[in-house]
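Residue numbers are given in UniProt numbering: position 320 of the sequence shown equals residue 320, and the series is strictly consecutive. For every residue, glycine included, the Cβ atom is placed at its ideal position computed from N, Cα and C. The next block holds one structure in the form of structure tokens; read it before the comments.
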Amino acid sequence: MCTDVLLLPARGQTDVIRYSVMKFLSALAVRMCVEITDSLQNVDSYGFEWPKDFNHEQYDEFMSKYITVLSRRAKKWDILLNSKEGFRKSNKVKRYVRKGIPSSHRGTVWSLISGAKELKDQQPDLYTVILKRPLKQEIIETIDLDIPRTFPDNIYFKTASPDSKRESLKNVLLAFAHQNPQIGYCQGLNFIAGIMLLVTDSEDMTFWLLQSLVEKILPDFYTKEMTGLLTDIGVLEELIKAKVPQVHERMVQTGVSWSMYVSKWFICLFAEVLPIETVLRIWDCLFYEGSKVLLRVAVTLVIKNQDKILAAKNFVEITEVFKSLPLGATVTECHTFMQAIFRVPGSFPRAHITKLREYCREKVEKEKAHTKVLQEQQKQRQLEERKAREAALELKRQNEEKEAALQAERDKLALENEVDKLSPCDDKKSIPEGTGPGVQTYEVRKDGEVSTTSAEVNETPKAAVIESFSTESIKQVANGKQTSPPSHEGGSELPAKVSP
């Protein structure tokens, strides 16, 4: 080989040497990558564990070629970022972005192409200032619940890790929630901010990237109404209907809604759905070209898997198909996949996408208005039903009170009738000794025997007898079980004869 090199012209010799060195370094980088991966207990360069069924041989073969590409691109990006003209959006930059931003430059380039740097330059100390303000306890508690759920299999988000980014993630999400009260905290932002932290290793830069994402790139995606998200799900459905109508028909036949699967795709920007390197390549284009890229990715995934979807016979089988999307070379080989998203779906004219969004947004707004009317009607029905229940309870209470008053009156009349049958006894000898003034004696006959009973007299003998009855006695009189006041000895009989 050396002889061949020497026989070449000077420039040719240089090219061959450069090629040989790059090939050697690429092979060395692959071996080092594998060794580092093994030492980190089977995790990738971003700290994510490999799936159990991950094809390492296929991935290593891909990376052996891809690292060479990355090395070549890194040099081009160095020249671009250090040029005298400075960094400006252009077709050249767009082409570079589509081919992938090197990891060493990714955070900086993201800030430039997304508008995050521009936002930060307007308020450079905002992030620090927000964290010094009193923060709402409710938001803190909500975020605290989601932090442990964020990439639990990533070594950088485990509590035991000395380089844990949990506290940094919490700070970013708290600052964002308080800066954007119309959004607050939305599930899904934790995964996005988590990946941004892995890329930038900076809380401040991550905060501004997140701010730029929701302000400039995905407005209305993370609000409470999620109008932007619902609109783009509708746009995707229209695109599928136009580009792969058989798939659309199958989804309709099985009663499967696109929102069941696509919501997570769009909210998390394919994080937790596709391999991390593929996600980062998607985000490169997202920050430069906008949310249309998400539609391209989604349509490509559907087209690439249309045979599986069409073979699915029911809801369960379709669900299994969508679960399998992150697997296989189709998405693992990020460079090949990114080429596919700009080729497979065909043309995506911006004017057409804008028109579809207007149409779908109008549908979303109408559905929201209709839903609001239904909710108001339901609320009104519930209010009327509650008032009706309260009125029925009040009527029942009033009826019970009236019935109780009538029963008391009936009991009183029954008692008075019984007392009318009684009269004072004129046999002074039958008055027990010591009864004294104020005691009235009554004669009661039972089985031919005569006994007496006494009661204190306040106003009239009748009142005295009524006073001597207990509440229980009144009830018994009303039931026909007792017809005379109790005697001093506990006896109680109907009067057989009353002496005047």
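Residue i burial status per 10 Å Cβ neighbour count (16 or more: buried)
{"i": "residue 315", "result": "exposed"}
{"i": "residue 154", "result": "buried"}
{"i": "residue 281", "result": "buried"}
{"i": "residue 384", "result": "exposed"}
{"i": "residue 159", "result": "exposed"}
{"i": "residue 418", "result": "buried"}
{"i": "residue 388", "result": "exposed"}
{"i": "residue 120", "result": "buried"}
{"i": "residue 279", "result": "buried"}
{"i": "residue 237", "result": "buried"}
{"i": "residue 111", "result": "buried"}
{"i": "residue 369", "result": "exposed"}
{"i": "residue 354", "result": "exposed"}
{"i": "residue 91", "result": "exposed"}
{"i": "residue 165", "result": "buried"}
{"i": "residue 128", "result": "exposed"}
{"i": "residue 296", "result": "buried"}
Residue range of the unbroken alpha helix (DSSP H) whose run includes residue i
{"i": "residue 105", "result": "Note, residue 105: premise wrong, no alpha helix (DSSP H); not H, not E."}
{"i": "residue 340", "result": "334-341"}
{"i": "residue 507", "result": "For the chain, the structure presents residues 1 to 500; residue 507 sits outside this window and is missing."}
{"i": "residue 127", "result": "126-132"}
{"i": "residue 74", "result": "56-81"}
{"i": "residue 153", "result": "Here residue 153 belongs to no alpha helix (DSSP H), and DSSP marks it neither H nor E."}
{"i": "residue 135", "result": "Run containing residue 135: none; DSSP gives neither H nor E here."}
{"i": "residue 122", "result": "116-122"}
{"i": "residue 168", "result": "166-179"}
{"i": "residue 87", "result": "Where residue 87 is concerned, there is no enclosing alpha helix (DSSP H), given that its DSSP letter is neither H nor E."}
{"i": "residue 191", "result": "189-200"}
{"i": "residue 228", "result": "227-243"}
Residue from the options whose Cα sits closest to the Cα of residue i
{"i": "residue 186", "options": "129, 167, 139, 201", "result": "139"}
{"i": "residue 300", "options": "286, 319, 339", "result": "339"}
{"i": "residue 126", "options": "90, 203, 289", "result": "203"}
{"i": "residue 345", "options": "328, 332, 367, 298", "result": "298"}
{"i": "residue 318", "options": "337, 75, 296, 254", "result": "254"}
{"i": "residue 118", "options": "231, 215, 167", "result": "215"}
{"i": "residue 333", "options": "198, 69, 307, 43", "result": "69"}
{"i": "residue 303", "options": "234, 290, 325", "result": "325"}
{"i": "residue 98", "options": "268, 289, 295, 353", "result": "289"}
{"i": "residue 64", "options": "400, 335, 350, 363", "result": "335"}
{"i": "residue 228", "options": "291, 284, 195, 178", "result": "291"}
{"i": "residue 55", "options": "329, 313, 352", "result": "329"}
{"i": "residue 284", "options": "85, 113, 73", "result": "113"}
{"i": "residue 152", "options": "83, 195, 351, 57", "result": "195"}
{"i": "residue 104", "options": "192, 77, 84", "result": "77"}
{"i": "residue 239", "options": "352, 167, 173, 144", "result": "352"}
{"i": "residue 108", "options": "356, 248, 205, 124", "result": "205"}
{"i": "residue 331", "options": "183, 58, 217", "result": "58"}
Rounded separation between residue i and residue j - CA only
{"i": "residue 273", "j": "residue 67", "result": "24 Å"}
{"i": "residue 226", "j": "residue 260", "result": "15 Å"}
{"i": "residue 321", "j": "residue 310", "result": "10 Å"}
{"i": "residue 375", "j": "residue 200", "result": "44 Å"}
{"i": "residue 52", "j": "residue 171", "result": "33 Å"}
{"i": "residue 207", "j": "residue 277", "result": "21 Å"}
{"i": "residue 197", "j": "residue 135", "result": "22 Å"}
{"i": "residue 60", "j": "residue 44", "result": "12 Å"}
{"i": "residue 23", "j": "residue 79", "result": "Per-residue confidence for residue 23 stands at a pLDDT of 43, beneath the threshold of 50, marking its modelled position as unreliable; the derived number appears in the next sentence. Roughly 22 Å separates the two Cα atoms."}
{"i": "residue 408", "j": "residue 396", "result": "18 Å"}
{"i": "residue 106", "j": "residue 382", "result": "55 Å"}
{"i": "residue 414", "j": "residue 402", "result": "18 Å"}
{"i": "residue 393", "j": "residue 410", "result": "25 Å"}
{"i": "residue 241", "j": "residue 264", "result": "21 Å"}
{"i": "residue 359", "j": "residue 147", "result": "37 Å"}
{"i": "residue 405", "j": "residue 416", "result": "17 Å"}
{"i": "residue 47", "j": "residue 156", "result": "6 Å"}
{"i": "residue 190", "j": "residue 391", "result": "50 Å"}
{"i": "residue 362", "j": "residue 230", "result": "11 Å"}
{"i": "residue 367", "j": "residue 257", "result": "16 Å"}
{"i": "residue 89", "j": "residue 341", "result": "21 Å"}
{"i": "residue 210", "j": "residue 233", "result": "21 Å"}
{"i": "residue 250", "j": "residue 323", "result": "17 Å"}
{"i": "residue 262", "j": "residue 350", "result": "21 Å"}
{"i": "residue 470", "j": "residue 412", "result": "Because the pLDDT of residue 470 is 49, which lies under 50, any placement of that residue in the model is unreliable, and the number read from its coordinates should be weighed accordingly. Straight-line Cα distance between these residues: approximately 12 Å."}
{"i": "residue 180", "j": "residue 364", "result": "23 Å"}
{"i": "residue 82", "j": "residue 141", "result": "44 Å"}
{"i": "residue 101", "j": "residue 73", "result": "8 Å"}
{"i": "residue 133", "j": "residue 313", "result": "55 Å"}
{"i": "residue 348", "j": "residue 252", "result": "24 Å"}
> Going along the chain, which unbroken runs of the beta strand (DSSP E) with 3 or more residues stay wholly within the stretch 257-305?
Replying inline: none
> Which ranges would you report for the alpha helix (DSSP H) in the stretch 317-377 if only whole runs of at least 4 residues count?
Replying inline: 329-332, 334-341
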